[in-house]
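Chains as they are written, first to last, in my numbering: chain A, 36 to 118; chain L, 617 to 757. Using N, Cα and C, we set each Cβ at its ideal position, and we do this for glycine too. In what follows, a structure is listed as structure tokens, so that the remarks can point back to it.
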């Protein structure tokens, strides 16, 4: 069953948003969607970098003022085997 | 794992700010999908003793602990994750923590003095060199 998980890192700073995103990815199953919500400016740039490095799919990046929401999909087939 | 997927960090310093940097880089690299090994040696090894992780002085402007006290206040105000939590994150994300055997001997440190809960293994220089050869990132802090 595909699950959608929320990771709330509002008010957190380096390196917590990246670390919490990574923890969620490790626990997720193929097909799952992870939604990361935060307001640390650098992490808005760095989480998509990590998503690429990890071979995941960046579904969306939405901003509302300082706040941002990044949606990540765990691929069904984990080609790079990094998770 | 292909090339460029591994980082090895030598933690030679025991100062608060340097150990902090090492842990942030370590957890950051794990988060970006790398394998990470941190080698604690000399003054760094002191920080793996029980209840000693955040006990080092600042590397600059320590002012007999006043500087460090101010730094800790600022870190707290900025909501920076504490070192004890970072080392747990490091372990949870699969990072390896290695304690230098030789340093233990010359500094009279016993295994019972060290944090068994975070240490992955005890080793010597050969293990580091082998891992460093396979790494694209290697740091000496």
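May I ask you to report which of helix, strand or coil DSSP gives residue i?
{"i": "residue 666 (chain L)", "result": "coil"}
{"i": "residue 696 (chain L)", "result": "coil"}
{"i": "residue 44 (chain A)", "result": "strand"}
{"i": "residue 84 (chain A)", "result": "helix"}
{"i": "residue 629 (chain L)", "result": "coil"}
{"i": "residue 705 (chain L)", "result": "helix"}
{"i": "residue 753 (chain L)", "result": "strand"}
Which term fits residue i, buried or exposed, when burial requires 16 or more other beta carbons within 10 angstroms of its beta carbon?
{"i": "residue 629 (chain L)", "result": "buried"}
{"i": "residue 679 (chain L)", "result": "exposed"}
Report the option in the options whose CA atom is closest to the CA atom of residue i.
{"i": "residue 700 (chain L)", "options": "L:644, L:650, L:666", "result": "L:666"}
{"i": "residue 748 (chain L)", "options": "L:651, L:643, L:719", "result": "L:651"}
{"i": "residue 669 (chain L)", "options": "L:659, L:736, L:741", "result": "L:659"}
{"i": "residue 653 (chain L)", "options": "L:735, L:711, L:729", "result": "L:711"}
{"i": "residue 702 (chain L)", "options": "A:42, A:36, A:54, A:43", "result": "A:54"}
{"i": "residue 77 (chain A)", "options": "A:42, A:108, A:48, A:41", "result": "A:48"}
Leaving aside the five residues before and after residue i along the sequence, list all residues of the same chain whose C-beta is less than 7 Å from its C-beta, in chain order.
{"i": "residue 50 (chain A)", "result": "none"}
What span of residues does the beta strand (DSSP E) with residue i cover, start to end?
{"i": "residue 656 (chain L)", "result": "651-656"}
{"i": "residue 736 (chain L)", "result": "Residue 736 (chain L) -> no beta strand (DSSP E), and no H or E assigned at all."}
Just to confirm my understanding: we take residue i, look at its own chain, exclude 5 residues before and 5 after, and list those with CB closer than 8 Å. What are they?
{"i": "residue 95 (chain A)", "result": "104, 105, 106"}
{"i": "residue 740 (chain L)", "result": "716, 717, 718"}
{"i": "residue 83 (chain A)", "result": "93, 96, 105"}
{"i": "residue 45 (chain A)", "result": "72, 73, 74, 102"}
{"i": "residue 664 (chain L)", "result": "656, 713, 715, 730, 731, 734, 735"}
Ordered along the chain, which non-local residues of its own chain (more than five positions away) have a Cβ less than 6 Å from that of residue i?
{"i": "residue 705 (chain L)", "result": "643"}
{"i": "residue 111 (chain A)", "result": "65, 66"}
Alpha helix (DSSP H) containing residue i: first to last residue?
{"i": "residue 740 (chain L)", "result": "It is not in any alpha helix (DSSP H) - residue 740 (chain L) carries neither H nor E in the DSSP assignment."}
{"i": "residue 722 (chain L)", "result": "717-722"}
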